[in-house]
Amino acid sequence: MSELSKCFYQVTAGRSCRDLCHPEYATCWQSFVGITKTLLPGSYKLYLTLLVIPPLVKGGGYTAEYWRNHILGYASISFKTYIQAISGLTLQCLLYKLFGKLHYYLLMGVPGFVSAALVPKLPRVHLRLQGITYFNMMLEVMIKKSRLGMLQKLRQSKLWATICFMMFSAKIMDVLRAGTVNQFWLMYPASSGREQKENTPERKVTPCLHDGISCRSYIFDGIWKYALAGFTIETARGLVSKGTLMYGEPARFFQELRKAIGLALPLFLAAYVGSFRSVSCWLAHYTGRERPGHARIAGLLSGISYLIYPKYQIFTLGFTKFIEMAWEHHLNTVKVKTRWLEFLQRIPYLRLVHMISIGYMYHALVFHSHLSPPFNSKCVNYCSDFRVERIKRRLVSWMLEHSKLLFDRVAAGRTCRDLWHPQFASCLRYNVHFWRTILPGSFKLYIPLLVLPPLVKLNDVTVRYLVEHTLQYVYISLCTYVQAALSLSAQCALHNVVGRLNYWCVMFWPCLLGVAIGPPLPKQLLRLQAITFFNMSLEAAMRKSTLPAIQYARRSKLLGTLTFMVFSSIILTCLRSGVVKQFWLVNPLPDAPRTKPNGSVCSHAGRCWQYLADGMLKYGMVGVILEAGRAVLRKWNLLAKNPLALFGAEFRAAWNLKLGLFLACYVGIFRAGCCLLGRFNSREEVIHAALAGFLAGVPYYLYPTYQIYTLGLTKAIEMGWEYCGHKALDVSKPRASVTTRLLQQLHRLPMLRLVQMFSFGYLGHVYAFYPHVSPVFHQKAMDVCSTNLTLDMKRRIATWLSEVM
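Using numbering that gives the first Met the number 0, the first residue of the sequence shown is number 0, and each one after it goes up by one.
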């Protein structure tokens, strides 16, 4: 049993087909009805290229009968593929019911095999199309997956692959020249009735087999036609893949289409055909007549063109056609067929290849997706309405819950050099390298901190403020550089201490130690880093959690809004009490009777409506400026590469006005609630801030993001903790309660420092082993501060895990 299958049985123990295949449907019957209703369009979408490309490549000879047969053929293969998809997905449930558990090979492989066997009989041309396509993809996966030295050498060496393709080409062209096989290949050697004219004057004048034109015209005609065919195929493929942009983003359509159209395929076809025809004509003129062996030599030499387009698709097509044509040629030319040969001839190889290849590729898509060709993913996901993709993601998330077990297995015998610095022979050289190179990344990371605060401040921006602000930016950038360098150094140090790659010593402890040993930060900057890290760790923990309550909260915007309203109420109550003085979206005015205007209940100056309008306008403008600054920083590199109009379009797409709307509504509701409650009771009270804060949380429904939610949760915890600590420290009684004394002792701990350390360690661990839940900003920060050293490490871990996943 393989490591992957062992892990599969561990993570699926006690789970049903509903948990993995159709959690959105309560029963298998509902799932069957659902897929029957929804899968048909995907099958027709999949074969759009089959509908579009053949008429384009044909170039002429269109008749009503041709169009009728072509469209009916497209409809037939699409509908039968739809039946095949329903059969495969339904068999997953039937096999689970039969065996009572989820089986490694019964999840995708066997359902794919059986569904291909049950599909209504395909015409031979369509059976060959599907069978050869899937067989070629199966060969590609096998070559990528194989650990045989010969295949590994073939996979890495373009030269050896070209030599193999030359041999395939030589045999194929020799068989086609013999006329015993009539099958598709990239091109066909010339044949003519003039071949029979051995001693006629016409044959002696023109030894080549092509009719009517000179050799030069014959060669250039082939180059032109096949290059045009290759360009047509690339263009049609680009149109089909990027066609949706024509309606959604027409400005990007032509730009993306240009990127999608490659010239390598047209150049390969032109070179292959041109070299074959050139060598064939030259050999015919040199020897005085065209001979059957010339096609073999010309096919061998023309195979060198594979260097222009060294793709798995071309290589596997050559290999498949080499085997198929050689076998058919042998059957057609052997004089006496033995009993064994007659028996082998009766075996439906094409049907078997079709079934086995589909089953293998279905299995590979889920369990070896890093090796599966993109076209296989496209085929299966189109036809299953992306159900297979969802199955794969669920399975990967379950397996990642056991990533410690998997990592210990794949890391056995490997060192920190294999994981962190394969290009450096020693840890010392690696450490010297990154201590010298990663400094600019930290300064680049904090550019928003340098730019946005002066923009948001709006007034009181003095020279002294700018100098102090710049010095703060330089200091936190240098501290972050030291933290990142110490974390990277700790990885090698911990490996040398432990003697092996440990699951928790890859990122968790190095990141924690890097922050703990790093230089101290002023309280303001320490709070900024600690709160940022803690918010992102909360976001990652919520995304990673499998608890039903948290999963429901993650999906429910209503529940998220209600809990944010509670956080808002706690925060504004603590701020209104005057005990806590911290940053929040809005700070309530203190109750100062001496400064109140005559005859006014409210503490603010001026009329209530002016106070309300001023807050909404000011905070709404702050939100707009923040989003605009963030959009400019995100898209500024387009200014150097693209016209201003294109930058403007990208800027507008990235600029989100919802933050400004959320801030304006939040401040407006809070201020209006405080004024109304104060006027109703004829005086201001702390409870008014609690009620107004609770109602002010309603606009979260407009901007339900993890960043706002985790900020509210963090501030509610932090301010509540500070408020309780202040009350506990105020108690001077010698016989204080145990709870009060415990709070007094806990309040003396450096909580900000501890939160900063453990949050950063957790985020580093999530970054390495759970990248799908890691916040985007944290991934960007890690990559920028380490100049992509951590990104390379993460990719190596993913590669190692993919060996058993």
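Each residue gets a CB set at the ideal place from its N, CA and C atoms; glycine is no exception.
Owing to the predicted nature of the structure, the values given are computational and were not obtained by experimental measurement.
Name the residue from the options whose alpha carbon lies nearest to the alpha carbon of residue i.
i: TYR445; options: ILE686, LEU470, ASP210, ILE322; result: LEU470
i: SER371; options: GLY667, ASP613, ASN135, HIS746; result: ASN135
i: ILE707; options: HIS125, LEU300, LEU584; result: LEU584
i: ARG435; options: GLY577, LEU662, ASN495, CYS784; result: CYS784
i: TYR766; options: LEU788, LYS44, PHE366, MET750; result: LEU788
i: PRO373; options: GLN312, GLY287, GLU684; result: GLN312
i: LEU438; options: VAL118, PHE768, TYR474, ALA424; result: TYR474
i: ARG428; options: ASP459, ARG408, SER488; result: SER488
i: ARG392; options: PRO770, LYS5, LEU588, ASP407; result: PRO770
i: LEU208; options: LYS170, HIS284, ILE260, LEU138; result: HIS284
i: GLY622; options: TYR610, SER602, ASN655, LEU611; result: ASN655
i: PRO188; options: SER279, ALA259, THR243; result: SER279
i: PHE533; options: LEU571, ILE162, GLN155, LEU751; result: LEU751
i: SER86; options: THR739, GLY111, ALA492, HIS329; result: GLY111
Express the C-alpha separation of residue j and residue i in angstroms, rounding to a whole number.
i: GLY677; j: VAL697; result: 21 angstroms
i: GLY358; j: ALA115; result: 8 angstroms
i: LEU39; j: LEU690; result: 53 angstroms
i: LEU264; j: GLN550; result: 48 angstroms
i: GLU23; j: SER42; result: 22 angstroms
i: PHE253; j: VAL352; result: 40 angstroms
i: THR414; j: HIS494; result: 8 angstroms
i: LEU520; j: GLN755; result: 11 angstroms
i: ARG202; j: GLY130; result: Model confidence at ARG202 stands at a pLDDT of 49, short of 50, so the residue's coordinates are unreliable; what they give is reported in the following sentence. So the two alpha carbons sit approximately 42 angstroms from each other.
i: CYS16; j: GLN29; result: 13 angstroms
i: SER274; j: PHE321; result: 20 angstroms
i: ILE516; j: ASP417; result: 26 angstroms
i: MET0; j: MET324; result: Legend: pLDDT at MET0 = 49, less than 50; position of this residue unreliable, value from coordinates given subsequently. Computed Cα separation, rounded: 37 angstroms.
i: LEU694; j: ASP791; result: 47 angstroms
i: MET354; j: TYR46; result: 19 angstroms
i: PHE164; j: ILE296; result: 13 angstroms
i: SER191; j: GLU327; result: Only weak support is given to the placement of SER191: the predicted model assigns it a pLDDT of 49, under 50, and the value that follows is read from those uncertain coordinates. The straight-line gap from Cα to Cα measures roughly 22 angstroms.
i: HIS432; j: LEU153; result: 34 angstroms
i: SER773; j: MET398; result: 17 angstroms
i: TRP720; j: SER567; result: 15 angstroms
i: LYS44; j: CYS664; result: 45 angstroms
i: GLY178; j: LEU185; result: 16 angstroms
i: VAL239; j: THR48; result: 7 angstroms
i: ARG193; j: ILE212; result: Only weak support is given to the placement of ARG193: the predicted model assigns it a pLDDT of 48, under 50, and the value that follows is read from those uncertain coordinates. The straight-line gap from Cα to Cα measures roughly 14 angstroms.
i: ILE82; j: LEU117; result: 9 angstroms
i: TYR95; j: ALA363; result: 20 angstroms
i: GLN528; j: PRO453; result: 19 angstroms
i: TYR700; j: LYS556; result: 7 angstroms
i: GLY692; j: ARG670; result: 9 angstroms
For the alpha helix (DSSP H) containing residue i, name the first residue and the last one.
i: ILE549; result: 547-554
i: MET137; result: 123-144
i: SER274; result: 263-286
i: LEU584; result: Note, LEU584: premise wrong, no alpha helix (DSSP H); not H, not E.
i: PRO188; result: Premise fails: PRO188 is in no alpha helix (DSSP H) and is neither H nor E.
i: VAL118; result: VAL118 -> no alpha helix (DSSP H), and no H or E assigned at all.
i: TYR699; result: Taken as a continuous stretch (DSSP letters only), TYR699 belongs to no alpha helix (DSSP H), as it is neither H nor E.
i: LYS57; result: 47-57
i: MET756; result: 750-768
i: MET172; result: 157-177
i: THR738; result: 737-746
i: ARG682; result: First-last for ARG682: undefined, no H or E at that position.
i: GLU64; result: 63-98
When you compare the segment 335-347 with the segment 81-95, are there three or more beta-carbon pairs, one atom per stretch, that lie closer than 8 angstroms? no
Check whether the segment 379-387 touches the segment 139-147, taking contact to mean three or more Cβ pairs, one atom from each stretch, closer than 8 angstroms. no
Along the chain, which unbroken stretches of the beta strand (DSSP E) at least 3 residues long are found entirely within the segment 480-529? none
Is it true that the segment 342-362 meets the segment 105-113, where meeting means three or more beta-carbon pairs spaced less than 8 angstroms apart? yes
Is the number of C-beta pairs between the segment 669-684 and the segment 536-556 that are closer than 8 angstroms three or more? no
If we require 3 or more residues per run, which beta strand (DSSP E) segments fall completely within the segment 294-369? none
Evaluate the contact criterion for the segment 508-515 versus the segment 755-774: three or more CB pairs, one atom per stretch, below 8 angstroms. yes
Pairs of beta-carbons, one from the segment 7-18 and one from the segment 74-87, closer than 8 angstroms: are there three or more? no
Counting pairs of Cβ atoms below 8 angstroms between the segment 18-37 and the segment 50-67, do you hit three or more? no
Indicate whether the contact test is met: 3 or more Cβ pairs, each with one atom in the segment 271-287 and one in the segment 221-236, closer than 8 angstroms. yes
Below 8 angstroms, can you find three or more Cβ-Cβ pairs linking the segment 301-309 to the segment 281-292? no
For the segment 412-465, which segments carrying the alpha helix (DSSP H) assignment without a break, of at least 4 residues, lie completely within its bounds, in sequence order? 415-418, 426-436, 438-444, 446-456
Please go through the segment 772-804 and give each complete alpha helix (DSSP H) segment of 4 or more residues, from N-terminal end onward. 775-784, 788-801
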